[in-house]
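Novice: Each residue of the sequence shown is one higher than the last, beginning at 35 in my numbering.
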Amino acid sequence: GQLDWMVTKGALSSIMEVCSFAETEEGKVESMGPDIRAAILQQFEQQSASGFRIIGVAWKNVTGDPVINRDDEKDMIFSGFLLLEDPPKPGVAGSIQQLEDLGVTLKIITGDNRLAAKHLAGEIGISSEGMMTGEEIQLLSDQALARKAMHSHLFSEIDPQQKERLIRALRSGGKVVGYLGDGINDAPALNAADVGISVDTAVDLAKAAADIVLLEKKLEVLHQGILDGRKTYLNTLKYIFITTSANFGNMFSLSGISLFLRWLPLLPVQILLINLLSDIPALTIASDRVDEEQLKKPKKWDIKLIRRFMIWFGIQSAVFDYLTFGCLLWIFQTGEKQFQTGWFVESVLTEIVVLLLIRTNRPVLKSRPSRWLLATSLFAATATLLLPHIAPGALFGLEPLPVQLLIFLLSITCLYAFLVEYSKQRFFRRAGY
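Given below as structure tokens:
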């Protein structure tokens, strides 16, 4: 009958299992004895240690039925290796160090053999100490794997199911886990990760499983993405801190003083104007600078921290409001319009001051706000001080304030600023934020 060749390729261990013979350099076919097997394995280890990915190749002659199935993979002739070289891109080691400076721990999870994986890890600066293989992982319970995976940075000879299991083990230890992969075998792990990351050149299945698809195959993109994400988070938190504490304090102030006055503490239109003026600088928080030391630490949403901040600084805001009320009523003996105007000015100024102070953990003079935030804050403060003294102010029920009262309001704002600055540093230090 017709003589055909059947060729098979794959991981060396799998190929060796189906081979009974080996082809010599001269083209002769010899029985796969212990000496030949040892020589093949020695060559495999040498090439793997040099960083090559190795595929074994075997063949045999077949006759008869052209349909080939898995049972035909036996008594084959080992032909040799295919050596694939995929060196890391220049600058990868530097990018990895940049990520580690941000508190991001990188681990390699690969299906490559342990020697090739160890060579790659050494080239890019990742420790291979405590390397785990798929065979070792198979013997561990989920709890034991979670403990060991935390301390290992290199995992080799890992199959797709083990990749997924490793990701789940790391997540069970309280870590936020991202996984970067571009092959079909990476899809389960991409699904299991908190953030699945693939690249534009990946297979469709990997891109479908990923949460993020990078248009550039560079670790620098990840580094910049993490920085931008942390800046967005920290600036969002500034806004939440400011609005929750201000609203919480105003709730106590407005409801409390209403019990003792024969008139409204603030007109509805004045409340809207306060919100408008204080929101002008708040809208530019997104452009604000973030302190470098804050960017280096991973952050999580902490509702308890936000609640503690709201209560602590909201109470301080209310205390200064009541101090202002007392002075307006008993020292300056203001009437309805002057009282409303005085509290209007104090409310806006203190809210702007709080915004500029709590935007940073540092002492206020050691952290510059963005130009937009500073400019809008100055604009809002200037408008607040001018409105009672110009014609449009009358439309909002405001009236001019005497110089002594203006000096008092500026003084109480400065006193409030000193208290907030002191309290801020104590609060953030105790919260470990």
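The beta carbon of each residue, even a glycine, is placed where N, CA and C say it ideally should be. Please read these numbers as outputs of a predicted model, since none were measured by experiment.
(1) On the CB-based measure, 16 or more other CB atoms within 10 Å of its CB, does threonine 384 come out buried or exposed?
(2) Considering only the alpha carbon of each residue, which of Ile345, Gly207, Thr375 and Met344 lies closest to phenylalanine 359?
(3) Judging by CA-CA distance, which residue of Ile160, Asp106, Ile111 and Leu399 is the nearest neighbour of glutamine 132?
(4) In its own chain, which residues sit with a C-beta less than 7 Å from the C-beta of alanine 227, not counting the 5 before and 5 after it?
(5) Check this for me: beta carbons of leucine 204 and glycine 215, under 7 Å apart or not?
(6) Excluding the five sequence neighbours on either side, which residues of its own chain have a C-beta within less than 6 Å of the C-beta of lysine 251, listed in chain order?
(7) Report yes or no: do three or more beta-carbon pairs, one from the region 283-294 and one from the region 354-372, lie closer than 8 Å?
(8) To the nearest angstrom, report how far apart isoleucine 471 and phenylalanine 452 are at their CA atoms.
(9) I'd like to know whether the C-beta atoms of serine 206 and alanine 180 end up nearer to each other than 7 Å.
(10) Please confirm whether phenylalanine 294 and isoleucine 392 have their CB atoms less than 7 Å apart.
(11) Is the beta carbon of valine 388 sitting closer than 7 Å to the one on isoleucine 308?
(12) Please report the residue range of the alpha helix (DSSP H) in which leucine 154 lies.
(13) Using a Cβ-Cβ cutoff of less than 6 Å, which residues in the same chain neighbour leucine 154 once the five nearest sequence positions on both sides are dropped?
(14) Under 7 Å, do valine 303 and phenylalanine 430 count as touching if we go by C-beta distance?
(15) Am I right that methionine 344 and threonine 278 are in contact with their C-beta atoms under 8 Å? What's the rounded C-beta distance?
(16) Measure the C-alpha to C-alpha separation of glycine 469 and aspartate 193 and round it to an integer number of angstroms.
(17) If you run the structure through DSSP and keep just helix, strand and coil, what is glutamate 134?
(18) Across which residues does DSSP place methionine 95 in a beta bridge pair?
(19) If I follow the unbroken alpha helix (DSSP H) through leucine 420, where does it start and stop?
(20) Look up phenylalanine 55 in the DSSP assignment and say whether it is helix, strand or coil.
(21) What do you get for tyrosine 456, buried or exposed, if any count of 16 or more other CB atoms within 10 angstroms of its CB means buried?
(22) Given histidine 187, which residues of its chain have a CB within under 6 Å of its CB, disregarding the five upstream and five downstream residues?
(23) Can you give the Cα-Cα distance for glycine 44 and phenylalanine 115, rounded to whole angstroms?
(24) Given that a residue counts as buried once 16 or more other Cβ atoms are within 10 Å of its Cβ, and exposed if not, what is glutamate 134?
(25) Between which residues of its own chain and lysine 108 is the CB-CB distance below 7 Å, once the five residues before and five after are set aside?
(26) Would you please state the rounded distance, in angstroms, between the beta carbons of aspartate 220 and lysine 241? I believe it to be under 8 Å.
(27) CB-CB under 7 Å to glycine 137, same chain, minus the five flanking residues each way: which ones, in chain order?
(28) On the premise that serine 54 lies in contact with serine 65, defined as a C-beta separation below 8 Å, what is that separation, rounded to the nearest angstrom?
(29) For isoleucine 111, which residues does DSSP report across the bridge?
(30) Here's the rule I'm using: 16 or more other beta-carbon atoms within 10 Å means buried, otherwise exposed. How should glycine 35 be labelled?
(31) Using the beta-carbon count (16 or more within 10 Å), is arginine 463 buried or exposed?
(32) My output table needs one value for threonine 447: the three-state DSSP class, helix, strand or coil.
(33) Within 10 angstroms of its Cβ, does serine 190 collect 16 or more other Cβ (buried), or is it exposed?
(34) Thinking C-alpha only, which one of Thr42, Leu399, Pro121 and Arg296 is nearest phenylalanine 112?
(35) So the beta strand (DSSP E) tyrosine 213 belongs to, where does it begin and stop?
(36) Determine the contact status of valine 324 and lysine 265, defining contact as a CB-CB distance below 7 Å.
Specialist: On the basis of the data shown:
(1) buried
(2) Thr375
(3) Ile160
(4) Ile201, Val211, Gly212 and Tyr213
(5) no
(6) Val233
(7) yes
(8) Examination of residue 471 is not possible in this model, given that the chain is present from 35 through 467 alone.
(9) yes
(10) no
(11) no
(12) 148-158
(13) none
(14) yes
(15) 4 Å
(16) There is simply no residue 469 to check, as the chain begins at 35 and stops at 467 in what is shown.
(17) helix
(18) As written in the sequence, residue 95 is asparagine, which differs from the methionine given in the question. Beta-bridge pairing links asparagine 95 to Trp39.
(19) 405-420
(20) strand
(21) exposed
(22) Lys141, Ile160 and Ser161
(23) 10 Å
(24) exposed
(25) Val52
(26) Not really, about 10 Å apart at Cβ, beyond 8 Å.
(27) Lys330, Lys331 and Pro332
(28) 7 Å
(29) Phe55 and Trp93
(30) The pLDDT assigned to glycine 35 is 49, lower than 50, so where the model puts this residue is not dependable; a value taken from the coordinates is nonetheless given after this. Exposed.
(31) exposed
(32) helix
(33) buried
(34) Thr42
(35) 212-214
(36) yes
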